[in-house]
Amino acid sequence: MIEILNPTELAQARETGALVAHVLQTLKARSTVGTNLLDVDRWAQAMITEAGAQSCYVDYAPSFGRGPFGHYVCTAVNDAVLHGMPHDYTLADGDLLTLDLAVSLGGVAADSALSFVVGGSEPPESVALIGATERALAAGVAAARPGARVGDISHAIGSVLSEAGYPINTEFGGHGIGSTMHQDPHVANTGRPGRGYRLRPGLLLALEPWVMEDTAELVTDADGWTLRSATGCRTAHSEHTIAITDEGAEILTLPTPS
Numbered sequence: 008m009i010e011i012l013n014p015t016e017l018a019q020a021r022e023t024g025a026l027v028a029h030v031l032q033t034l035k036a037r038s039t040v041g042t043n044l045l046d047v048d049r050w051a052q053a054m055i056t057e058a059g060a061q062s063c064y065v066d067y068a069p070s071f072g073r074g075p076f077g078h079y080v081c082t083a084v085n086d087a088v089l090h091g092m093p094h095d096y097t098l099a100d101g102d103l104l105t106l107d108l109a110v111s112l113g114g115v116a117a118d119s120a121l122s123f124v125v126g127g128s129e130p131p132e133s134v135a136l137i138g139a140t141e142r143a144l145a146a147g148v149a150a151a152r153p154g155a156r157v158g159d160i161s162h163a164i165g166s167v168l169s170e171a172g173y174p175i176n177t178e179f180g181g182h183g184i185g186s187t188m189h190q191d192p193h194v195a196n197t198g199r200p201g202r203g204y205r206l207r208p209g210l211l212l213a214l215e216p217w218v219m220e221d222t223a224e225l226v227t228d229a230d231g232w233t234l235r236s237a238t239g240c241r242t243a244h245s246e247h248t249i250a251i252t253d254e255g256a257e258i259l260t261l262p263t264p265s
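Following the working numbering, the numbering of the sequence shown begins with 8 at its first residue and continues without gaps.
So, in structure tokens, the structure goes:
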């Protein structure tokens with residue numbers, strides 16, 4: 008299913024996106040050395056509930072997981088990259104943490120993710136990974152405009168990741184979003200320009216470039232959810248929900264300047 012939002016629904020999407028951005032930035036600020044991932048999940052639950060919103064994750068039970076997920080935010084550390092299930096782990100200096108959050112408010116969902124290094128350490132390889140996903144995300148957003156095709160976005164993202172020297176996995180990528188978290192069209196993190204669904208004003212997309220340092224192969228934890236690099240290398244993941252407008256792409260999950 009591909010949804011095209013009307014102006015009223017788009018206004019609601021902006022509210023949802025702002026909430027997702029606020030919660031993620033708050034969780035990032037609180038995720039310091041000594042923080043337990045289960046506390047991060049509890050903080051997310053409290054903020055989502057207080058806002059009168061609903062988590063898109065708690066009851067999420069797709070075919071590829073061992074569902075339902077049962078938590079409010081994905082917390083992936085170091086070699087984990089997607090669907091990181093919060094567990095009893097205390098963050099250490101230099102850990103690379105990815106927070107991925109999807110929330111529904113007023114019947115419209117928004118999805119965003121960010122990666123950052125915990126503490127004062129900044130390992131160069133982690134900084135490079137994060138930077139590559141952020142640049143790829145910016146390139147994908149720039150390619151998203153009315154009349155363009157999904158393949159144009161995929162090509163823009165993949166070009167940045169490939170130029171940075173990272174292998175690209177195409178099992179998981181971006182997606183349409185609206186009244187539900189995951190919809191068509193699928194937005195792979197590499198692809199051929201000029202192919203795929205033609206973008207229209209009112210379409211919401213969650214773009215999410217992610218990479219692993221030296222492999223494109225994933226392995227699944229015993230929890231049935233957390234996906235890690237097959238080699239144990241570090242990973243990073245950046246994501247925004249955007250709306251296609253008459254002028255181009257509007258980022259709905261952009262943090263408000265402090």
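Note that CB positions come from ideal geometry on N, CA and C, so glycine has one too.
Which listed residue (the options) has its alpha carbon closest to that of residue i
i	options	result
Y96	H162, Q61, E10, L45	L45
L103	A109, W50, S122, P93	S122
T105	S169, A155, T39	T39
G91	R235, R202, L225	R235
L214	V65, I164, D86	I164
A109	T248, T15, H193, T197	T248
G59	A150, T23, A151, T42	T23
T242	I184, G185, Y173	Y173
W232	A117, H94, A25	H94
E246	F76, V88, S62, N13	V88
A282	G127, I160, P192, S169	What is shown of the chain runs 8 to 265, which leaves residue 282 out entirely.
S62	F71, D107, T15, S70	D107
T238	P14, A149, D86	D86
E132	S119, A171, A149, A120	A171
Residue i - containing alpha helix (DSSP H), residue span
i	result
R21	14–37
E132	131–150
M45	According to the sequence displayed, residue 45 carries Leu and not Met. Element bounds for L45: 44–57.
S169	157–170
Beta-carbon proximity check, residue i vs residue j, cutoff 9 Å
i	j	result
V30	V84	no
L210	I251	yes
G183	A195	no
C322	E257	The structure shown does not extend to residue 322, since the chain is modelled only from 8 to 265, so the question has no answer here.
H162	R205	no
I9	D230	no
L26	V47	no
G147	G126	no
R142	V124	no
A117	T260	yes
A151	G255	yes
L212	I160	yes
Contact set for residue i: own chain, Cβ-Cβ below 7 Å, skip 5 residues either direction
i	result
D253	P153, P208
R202	R156, G158
A223	P174, I175, N176
S128	D100, G101
A51	V30, L34, Y79, V80, L108
A36	none
Same chain, Cβ closer than 8 Å to residue i, five either side skipped, listed in chain order
i	result
Q19	L112, G113, G114, V115
Q32	P262
G41	T97, L98
L144	I164, L214, E215, P216, S245, E246, H247
Residue span of the beta strand (DSSP E) that contains residue i, given as start and end
i	result
D118	115–124
E279	As displayed, the chain neither begins before 8 nor continues past 265, which places residue 279 out of reach and without an answer.
C81	81–84
P192	190–194
R235	234–236
A213	211–214
V88	87–89
V226	225–227
S111	103–112
G181	181–183
I251	247–251
T242	242–244
6 Å CB neighbourhood of residue i in its chain, flanking five on each side removed
i	result
D66	P75
Cβ separation of residue i and residue j, assumed to be a contact under 8 Å, to the nearest whole Å
i	j	result
G185	L12	6 Å
W217	H244	4 Å
S119	A28	6 Å
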